[in-house]
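Read in order, the letters of the sequence shown correspond to residues 587 to 659 in the working numbering. Beneath this line is the structure, given in structure tokens, with notes to follow.
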Amino acid sequence: MHVISLFPQLNFFYSKYNYKIMLIWATYWGVMIKVFDEMMRKVVDIYVDDIIVKTLTRGNQVGDPEKVFNQLR
């Protein structure tokens, strides 16, 4: 992390990211959108290292994860 002191009362922080890491993240996110297009934000929340399956009704605790696992195949 680098600190730039342009103004004595303010500090601005920036960090350099590896270009390959940015490409990997963009590829991962693009694949997740293709796989879970209609399920995103309704049944599935996708984070960097997690895929969270939500159920909207109490009785559908088996059906929604089953749909997600079938979509992953």
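Quick reminder that beta carbons are idealized off the backbone N, C-alpha and C, glycines included. This structure is a prediction, so every number in the text was calculated from the model and none was measured.
Query: Given a cut-off of 7 Å, decide if Ile632 and Met618 are closer than it, judged by their beta-carbon atoms.; Result: yes
Query: Starting from Val630, trace the beta strand (DSSP E) both ways and give me its first and last residue.; Result: 630-632
Query: Would you mind working out which of Asp635, Arg644, Met625, Val634 sits nearest Phe656, comparing C-alpha positions?; Result: Checking the sequence shown, residue 656 turns out to be Asn, not Phe. The candidate whose alpha carbon is nearest that of Asn656 is Met625.
Query: Where Asp623 and Pro651 are concerned, what is the direct C-alpha to C-alpha distance, given to the nearest angstrom?; Result: 16 Å
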